[in-house]
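Undergrad:
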Amino acid sequence: MVWFHPVLQVIATMFGIYAGYLGMERFLSQHLGKRTQFLWQRHVLMGRVAITLWLLGMVGGMTVARLKWQVNFVTGDHYRTAFIMFPFLIVGLITGIYMDRRKARRTILPLLHGACNLIALTLALYQIVTGWHVIRDFIL
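Counting from 1, position 101 in the sequence shown corresponds to residue 1515 in the numbering used here; the numbering is continuous, with no gaps.
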């Protein structure tokens, strides 16, 4: 049970990296003139999967901590980083859903969407480091 959370979060991060790659292709096309095909629906699917798994992972991580150690918020930077990630994930998800449902030419909203998701992805990569510390200090 304890290993489910870290494995799921690493998988979520892999989805996030791929969604980020697809989004970066779009950014290069729209803002830097690179000729490329944007796989919109794949980007949407990968992004939704990543963000959903990250959000579920937050709930799952708190649940595992409560069940295993009968307390939450003892993992230091790991839980603090998760709380920092939360608003970026929500903004990334909401802006992504909005742009998918209401297709139009935009400049600012895609940049906000991309920036929030890039920050969330960077924090998720840091979570792998802090998560390893949690595993090392609390589980192994």
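Using N, Cα and C, we set each Cβ at its ideal position, and we do this for glycine too. Since we're looking at a predicted model, the values are computed, not measured.
#1: Using a 10 Å radius around the Cβ and a threshold of 16 neighbouring Cβ atoms, would you call Gly1447 buried or exposed?
#2: So, using beta-carbon positions, are Arg1480 and Asn1486 closer together than 7 Å?
#3: I'd like the ranges of any beta strand (DSSP E) spanning at least 3 consecutive residues and lying wholly in the stretch 1465-1505.
#4: Helix, strand or coil for Gly1528? Go by DSSP, reduced to three states.
#5: Would you decide whether Thr1489 is buried or exposed? Buried here means 16 or more other CB atoms lie within 10 Å of its CB.
#6: Say whether chain C places a C-beta atom closer than 7 Å to the C-beta of Val1473.
#7: Just to confirm the assignment, what range does the alpha helix (DSSP H) spanning Gln1423 have?
#8: Could you tell me the distance, in whole angstroms, from the CA atom of Ile1425 to the CA atom of Thr1450?
#9: Would you be able to state if there are at least three C-beta pairs under 8 Å between the stretch 1532-1550 and the stretch 1501-1518?
TA: Judging by the given coordinates:
#1: Here Gly1447 is exposed: its Cβ has fewer than 16 other Cβ atoms, across all protein chains shown, within 10 Å.
#2: Cβ atoms of Arg1480 and Asn1486: closer than 7 Å.
#3: Segments of the beta strand (DSSP E) lying fully in the stretch 1465-1505: there are none.
#4: Here Gly1528 sits in helix by DSSP.
#5: Buried, since its Cβ has 16 or more Cβ neighbours within 10 Å.
#6: Looking for chain C here will not work: only one protein chain is present.
#7: Here the alpha helix (DSSP H) through Gln1423 covers 1418-1446.
#8: Ile1425 and Thr1450: Cα-Cα distance of roughly 27 Å.
#9: The stretch 1501-1518, when compared against the stretch 1532-1550, does touch it at the 8 Å Cβ threshold.
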